[in-house]
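Quick note: the sequence shown uses the working numbering, first residue 12, plus one each step. This report concerns only the one structure given below.
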Amino acid sequence: MSNVAKSTLWIMVGTMLSKVLGFFREIVLANFYGTSSHADVFLVTLNIPGLIIAVIGSVVATIYIPKYIEIKENLGENEALKFTNNMLNICAVMAIIIAIFGLIFTKEFIDILAGGFEGDKFNTAVTFTKIMMPGVLFLSVSKLLSSYLQANDSFTVPALIGTPYNIIIIISIIISAFTDFKFLAIGAVIAMASQMIFQIPFAFKKSFKYSKYFNLKDQHIKELSILVLPMLISSSISQLNIAVDRALATTLGDGPVSALNFASRLNDFVMALFVASIITVIYPKLSKLSNSDDKEGFRNTIVKTSNSIILIVLPIAVGAIVLAEPIVRILFQRGQFDVESTHMTAVALRLYSIGLIAVAVRDVLNRTFYSLSDTKTPMINGSIALIINIILNFALINVIGYAGLALSTSISSILTVMLLFISLKRKQGYFGGDKIIKTGLKSLIASIIMGVVTVISYTNLYSIIGSSKIEEIIAVSISVLIGALIYALLIVIFKVDEVNLAMDIIKKAKNKIIKNKR
């Protein structure tokens, strides 16, 4: 097994653990608070520090990795460590300034991000935001530590930071349900700090040494500043899409914010487990290939990465569409999460899943441009998608309500990917786009057939086995297994290149085992 495959596997294991806990967190939240106003307040305010850091922290982390690799290869480890400390200290100072700004203008933040909140709901949101705002500092430092570890080929630890985070929030949900609702906010900020604290000892093991070096005029910082603004705008656009959706959802009464959140969490699980795991390992590799001007290797990496993600994500998206109702019912329907909550979340899940593959491929293409030191192209294409998303939001929300917010997100994601493909062809010429489309079409046909077989299997099994929780889990599990086997068989029949490569690896491994036994 290659180092890339091993790293990806370990990331997937770590991510699986974190995301399973994340799902359990959502289940516990749904059980105690359902789609109530309390759940809406917590989910909106919990995302405010994350929203800020998703914009600033993600940008810094993304531009940090290729620059760190470049400095380490050309100037040595000491200079790379000096650069790391400078970035860390700059990020920390920026985070503190943002946190102070957020504490001063908390009401204005809530007015913008949750315009539909009024009275006690609004006041509670303000209180929660003030408690959570220091989390901006913890998350920003955590982001940079994750990038440092990834740049030094340590991928498992950053994948595990969601474990302490989710455990602490689960405990705070339970405590708050029997005591004071404010314990949710206190638990959330402690959970954010845990992500940073968890990574510190592992960073030191990778030769990290902290220093107070802070220099905005440093040559490396000046070089990065050219790339920062377009990427900052691009990342802001992505988060602004989410913020606009949530803000509009708050105008629809109690429930839509939570339903959209639970649905997006299911898709986020797929993205984090498969897409992010692969991209986390591939991005440093793309940066190295770009620095060495290995165009053939760069092109092959784009094709293999995109095709691997398509083959994994597309059938999952189709499966989520056809089994949305039973999936949501099994995972969430208990306690305060009733039949209506299940229906709302299932509708949102189906519509989000339409654009899941586009979101996955978009992330690959964005990282491709970033590794080429091109931050403007994702920014321009993202801006166009944002405008389309907002227009569709206002058009569809009046027709199909909260479902329109999920559908507009999927449509804008699909359009973004189309624009990025066109832009990459203009910039790089041939990059293997035809191979990606060919694999995509084969996977789509196989996924549709799989979806039909899966829904027929589930319908029949559900009527035969029964409708209790355990019986429905059995019916869904068997249906998914049947669908997965059908999909795998069709992909082999269609002779997809990546499957042939996997089969060759399995055959070589088998032959090696036989030789060793002899």
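A virtual CB, placed ideally from N, CA and C, is assigned to each residue, including glycine.
**OP:** May I ask you to report which of helix, strand or coil DSSP gives MET282?
**Re:** Correct three-state label for MET282: helix.
Going by Cα to Cα distance, which pick from SER468, LEU99, ILE313 and ILE74 is closest to SER222? Considering only SER468, LEU99, ILE313 and ILE74, the residue with the shortest C-alpha distance to SER222 is LEU99.
So, helix, strand or coil for GLN344, using DSSP?
Looking at GLN344 - three-state DSSP - the assignment turns out to be coil, as it is neither helix nor strand.
ask   = Since GLU351 is in the alpha helix (DSSP H), which residue starts that stretch and which ends it?
value = Segment 350–365, the alpha helix (DSSP H) holding GLU351.
- Any idea what DSSP makes of PRO175, helix, strand or coil? It is helical.
With a threshold of 8 Å, are at least 3 pairs of Cβ atoms found where one atom belongs to the region 362–376 and the other to the region 316–335?
With a cut-off of 8 Å, the region 316–335 and the region 362–376 count as touching, because enough Cβ pairs lie within range.
Is the CB-CB distance between ARG310 and TYR441 below 9 Å?
In contact: ARG310 and TYR441 (Cβ atoms closer than 9 Å).
Does the structure place the region 480–487 close enough to the region 419–439 that three or more beta carbon pairs sit under 8 Å? Cβ pair count under 8 Å is below three, so no.
Query raised in the report: If we call anything under 9 Å between Cβ atoms a contact, is GLN206 one with PHE149?
Result: In contact: GLN206 and PHE149 (Cβ atoms closer than 9 Å).
- May I ask you to report which of helix, strand or coil DSSP gives LEU124? Here LEU124 sits in helix by DSSP.
Q) Are the C-beta atoms of LYS438 and some chain B residue less than 9 Å apart? A) Reference to chain B is not applicable here, since this structure consists of a single protein chain.
Less than 6 Å between C-beta atoms, sequence neighbours within five positions excluded: which residues of the same chain meet that for GLN344? Around GLN344, the same chain offers THR353 as residues with beta carbons nearer than 6 Å, after the five sequence neighbours per side are excluded.
Can you tell me whether THR190 is helix, strand or coil according to DSSP? Collapsing the DSSP output to three states places THR190 in coil.
**Request:** Find the nearest neighbour of LEU92 within the set THR140, SER29, PHE225 and VAL137, judged by alpha-carbon distance.
**Result:** The option with the nearest alpha carbon to LEU92 is PHE225.
Check your understanding: With burial defined as no fewer than 16 other Cβ atoms inside 10 Å of the residue's Cβ, what is the status of GLN230: buried or exposed?
Key -> With fewer than 16 other Cβ atoms from the protein chains shown falling within 10 Å of its own Cβ, GLN230 counts as exposed.
Assuming the contact rule is C-beta atoms closer than 8 Å, ALA359 and ALA417 should be a hit. Round their C-beta distance to whole Å, please.
Rounded, the Cβ-Cβ distance is 5 Å, consistent with contact.
- Under a Cβ-count criterion, where at least 16 other Cβ atoms within 10 Å of its own Cβ denotes burial, should LEU500 be classed as buried or exposed? Exposed is the label assigned to LEU500, since fewer than 16 other Cβ atoms lie within 10 Å of its Cβ.
| request: Take the Cβ of VAL212 as the centre, count every other Cβ of all protein chains shown within 10 Å, and call the residue buried at 16 or more, exposed below. | output: With the sequence shown as reference, residue 212 is identified as Pro, and Val is not the correct amino acid for it. Exposed.
**Report entry** Nonlocal neighbours in the same chain, by C-beta distance under 6 Å from LYS315, ignoring five residues either side
**Finding:** Excluding positions up to five away in sequence, the list is empty.
Report buried or exposed for ASN392, applying the criterion of at least 16 other Cβ atoms within 10 angstroms of its Cβ. Residue environment for ASN392: buried (at least 16 other C-beta atoms within 10 angstroms of its C-beta).
Query raised in the report: Expressed to the nearest angstrom, what Euclidean distance is found between the alpha-carbon atoms of PRO531 and ALA41?
Result: Outside the shown range of the chain (12 to 529) lies residue 531, about which nothing can therefore be said.
**TYR498 - containing alpha helix (DSSP H), residue span** = In the DSSP assignment, TYR498 falls within the unbroken alpha helix (DSSP H) covering 480–504.
Check: How many angstroms separate the CA atom of PRO77 from the CA atom of SER458?
Finding: Their backbone Cα atoms lie some 36 Å apart in a straight line.
My guess is that LEU54 and SER269 are in contact by the Cβ rule of under 8 Å, so how many angstroms apart are they, rounded? Yes, they are in contact, since the Cβ atoms of LEU54 and SER269 sit about 6 Å apart, within 8 Å.
Query raised in the report: Does the beta-carbon of GLY462 have 16 or more other beta-carbons within 10 angstroms, so that it is buried, or is it exposed?
Result: Counting the other Cβ atoms within 10 Å of the Cβ of GLY462 gives 16 or more, which makes it buried.
Note to self: On the CB-based measure, 16 or more other CB atoms within 10 Å of its CB, does ASN278 come out buried or exposed?
What the structure shows: Buried, since its Cβ has 16 or more Cβ neighbours within 10 Å.
### For LEU171 and SER394, believed in contact at Cβ under 8 Å, the rounded distance
With 8 Å as the limit, SER394 and LEU171 do not qualify as a contact, their Cβ atoms being about 35 Å apart.
Checklist line | Nearest neighbour of MET203, chosen from GLY477, PRO145 and LEU472 [CA to CA] | finding: Out of GLY477, PRO145 and LEU472, PRO145 has the C-alpha closest to the C-alpha of MET203.
query: How long is the line joining the alpha carbons of THR450 and VAL428, rounded to whole angstroms?
result: Between THR450 and VAL428, the C-alpha separation is close to 16 Å.
In whole angstroms, what separates the C-alpha of LYS83 from that of ILE456?
-> Rounded to whole angstroms, LYS83 to ILE456 spans 46 Å at the Cα level.
DSSP three-state label for GLU336, please.
Helix.
Given a cut-off of 9 Å, decide if MET105 and SER157 are closer than it, judged by their beta-carbon atoms.
-> Between SER157 and MET105, the C-beta spacing is not below 9 Å.
Beta-carbon gap between ILE290 and ASP374 smaller than 9 Å: Result yes, Cβ atoms of ILE290 and ASP374 sit closer than 9 Å.
Buried or exposed for LYS220, going by 16 or more other Cβ atoms inside 10 Å? So LYS220 counts as exposed.
Item to check | ALA328 versus LEU160, LEU57, SER48 and TYR498, residue with shortest Cα-Cα distance | outcome: Minimum Cα distance to ALA328 is reached at TYR498.
What three-state label does DSSP hand ASP445 in the structure shown? For ASP445, the three-state secondary structure derived from DSSP is helix.
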